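What follows is one structure encoded as structure tokens, with my remarks underneath.
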């Protein structure tokens, strides 16, 4: 009896395997149509993982379905040549061949999800090979298996679907090729300083395959897309300006075209749109969507071919000749794939409208928060072993972190205002926040603040002049301990909230994105410091740590101080240095301490953003984006020196002194004005 059930299940699977595969492929495409536009927003990590799984599975499922179709009909032909019969009964398998071009359409993917990672664009040749091989398999199966006695209308319907399938599949490698970082560097002839003289055929080709925005802006100079190209491809804006001035073409360009090459007034208000534009250039088909050829194909040819194919299939003779289930599945595939192709733009617009109404934050409109001491306390809880196990199998701890998008508006508004109130933004060297001598320029720390807190032999001076990753670690621990030991008054001043937010965000970068924090940053420093904090808390609280054993946060700070500031050699060197810095900061009055911590963190955040490569910012957009990318874009469009500028252009020692950024400002005067900034709107 058991054997009968097994063979019955095998026969059922043999009959339904291909049907399940093609319907599953269709279902994945509809899921991607709905979910892919959400990647432009701050969505939960589990949903982003589901989108990735669907993206990877969709191609694999469609290719496997094509291979299954090929093998089924190869076996059918082999059985027929040996005197056997078609397992599907007569011409039932003919409709399965009609599913081959539908699978090619599915392999073309969705416009909003061309690449998932930035590295996918560099593999466009692999996708081109996949295109050739899968089209060859589909055409060969169609040629060998299609019977001559079939209704000609059904044959024409299949041919029309093949036209759509091959052209739609061809879009994918083309979009990959045009979205490569190397291609992004090929900006308009204005930046190149040359004028193109194309022939008749070259002009026709460029008209068909160049997007409409670039065509309409050729006479105006740089487009918004050109500006994003320059930033993402790590071009030095100062080098571009110098070259244009040398060639004598800068004066002939209008103000709008050169806004990115100078201090763009009000450009910070368009940062959100620019980041979305950058995401579209790399991870969607924005580079090909608005070309005349693409628009003509999708607005005119695709709807006509789909309607003609479905109509021909509907009027063909099917009753009694084909399996009724195959007929129904073919109708489902043809109709739902047609709706998928024709109405995709409408569905994408609807998703964006829903996300806008729901006020879901866009890319980079959130500030990740990670605190070292809080993380150590979580690991010491009874359930902390789960976190450690997840970390050891490759699930990084930030997977379930809350994204604090509510902090974005306040922090972004303060940072923008803080930067704009400096009269010398263009060419500003953000690394000068480390210039602690009174005779040196420092864009963020005033002379008075440096005199009071950054003198010779102080821990403040020592940590700021040390390596950047250690500075971030020490100041993060010290900031947390200071706010715990001497809590600010309630309600806390916005400056205090922002200081803590930046501190936790920089800790997040050091632990999870050290490559973006600064090239060469050592993540193991953070891991070592966490182990030292865990050891201190375990030692003081007993072998079996329980949170109630430390009655309050004050006791926790005392525990750390007693373990690290005692006489003799210290077993916890990283926490010891952070504790020394904390002790020194606590000796300052509250106003000075808060001012110092705020300006130090702003200086380190801006320096980290400016020294991060555009490629890394572009890569992070595909993973949900980082607040650091917003800061980097803000600094770039305002004309401060970025990494590419410092590498390409020499320093200018004779430049006029930079106006002291924090000098002459009454405490709280500027910050009160900043509270009205709402950068989300």
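In UniProt numbering, the protein residues as written are 1 to 681.
Here a beta-carbon is modelled for each residue, glycine too, at the ideal position from N, C-alpha and C.
What you are looking at is a predicted structure, and each value in this text was computed from that prediction instead of being measured.
Where residue i falls, given that 16 or more other Cβ within 10 Å makes a residue buried
i	result
residue 306	buried
residue 315	exposed
residue 655	Only weak support exists for where residue 655 lies, its pLDDT of 45 falling under 50; the value from the coordinates is given anyway. Looking at its Cβ environment, which holds fewer than 16 other Cβ atoms inside 10 Å, residue 655 is exposed.
residue 148	exposed
residue 361	buried
residue 609	buried
residue 650	exposed
residue 628	buried
residue 11	exposed
residue 682	Nothing about residue 682 can be reported from this structure: the residues present for the chain run from 1 to 681 only.
residue 44	exposed
residue 298	buried
residue 490	exposed
residue 641	buried
residue 410	buried
residue 682	Residue 682 cannot be examined here, being either before or after the span of the chain that is shown, 1 to 681.
residue 524	exposed
residue 519	exposed
residue 275	buried
residue 507	buried
residue 176	buried
residue 285	buried
residue 5	exposed
residue 667	Residue placement at residue 667 cannot be trusted, given a pLDDT of 38 that sits under 50; the coordinates are not used to answer.
residue 413	buried
Option in the options with minimal Cα separation from residue i
i	options	result
residue 607	618, 594, 648 and 516	516
residue 304	440, 329 and 157	157
residue 110	154, 575, 348 and 440	348
residue 539	572, 528, 518 and 527	572
residue 278	648, 615 and 635	615
residue 707	448, 144 and 166	This structure cannot settle anything about residue 707, because the visible part of the chain is limited to 1 through 681.
residue 50	283, 35, 40 and 42	35
residue 602	16, 319 and 497	497
residue 454	434, 473, 470 and 468	434
residue 626	492, 408 and 584	408
residue 557	374, 633 and 465	374
residue 94	151, 59 and 648	151
residue 74	119, 146, 469 and 8	146
Beta-carbon proximity list for residue i, same chain, < 7 Å, skipping 5 on both sides
i	result
residue 61	21, 24, 25 and 28
residue 302	164, 341 and 342
residue 14	none
residue 263	Residue confidence is low: residue 263 scores 44 on pLDDT, short of 50, so the model does not pin down where it sits. No coordinate-derived value is stated.
residue 318	327
residue 451	438
residue 271	630, 633 and 634
residue 59	107
Chain-order list of residues whose beta-carbon lies under 6 Å from that of residue i (same chain, five-residue window excluded)
i	result
residue 161	101 and 309
residue 598	495 and 499
residue 32	54, 110 and 113
residue 283	115 and 622
residue 168	105 and 108
residue 502	601 and 605
Neighbourhood of residue i by C-beta distance below 8 Å, restricted to the same chain and skipping five residues each side
i	result
residue 18	65, 68, 69, 72, 96 and 99
residue 645	236, 237, 238 and 239
residue 178	287 and 288
residue 232	181, 184, 278, 281, 282, 614, 615, 617 and 618
residue 47	35 and 38
residue 479	499, 500, 503, 597 and 601
residue 465	434 and 436
Proximity test, residue i beta-carbon vs the ligand NAP heavy atom, cut-off 7 Å
i	result
residue 564	Looking for the ligand NAP in the displayed structure turns up nothing, as the structure carries no ligands at all.
- Query: When the Cβ atoms of the stretch 56-75 are set against those of the stretch 13-33, are three or more pairs found closer than 8 Å?
  - Reply: Counting Cβ pairs under 8 Å, three or more are found: they touch.
- Task: Taking only runs that begin and end inside the stretch 570-643, name each unbroken alpha helix (DSSP H) of 4 or more residues, in chain order.
- Result: Runs of the alpha helix (DSSP H) inside the stretch 570-643: 573-586, 590-610, 614-621 and 627-638.
- Message: Quick test of the definition: if touching needs 3 or more C-beta pairs under 8 Å, does the stretch 359-370 touch the stretch 505-516?
- Response: Touching, yes, given that three or more Cβ pairs across the two stretches are closer than 8 Å.
- Message: Between the stretch 616-627 and the stretch 577-593, can you find at least three pairs of beta-carbon atoms closer than 8 Å?
- Response: They do not touch, by the three-pair rule.
- Query: With a cut-off of 8 Å, do at least 3 Cβ pairs link the stretch 423-433 to the stretch 443-450?
  - Reply: In short, these stretches touch, since the Cβ pair count reaches three.
- At least 3 beta-carbon pairs within less than 8 Å: the stretch 572-585 vs the stretch 450-467: Result yes; three or more Cβ-Cβ pairs closer than 8 Å.
- Item | Stretch-stretch touch, CB-based, cutoff 8 Å, three pairs: the stretch 518-537 with the stretch 373-380 | They touch, by the three-pair rule.
- Counting only runs of 4+ residues fully inside the stretch 435-484, write out the alpha helix (DSSP H) ranges in chain order. The qualifying runs are 447-453 and 459-464.
- Query: When the Cβ atoms of the stretch 121-137 are set against those of the stretch 352-361, are three or more pairs found closer than 8 Å?
  - Reply: No, they do not touch.
- Query: Which ranges does the beta strand (DSSP E) cover as unbroken runs of at least 3 residues, wholly within the stretch 293-317, from first to last along the chain?
  - Reply: Inside the stretch 293-317, DSSP marks no whole beta strand (DSSP E) run of 3 or more residues.
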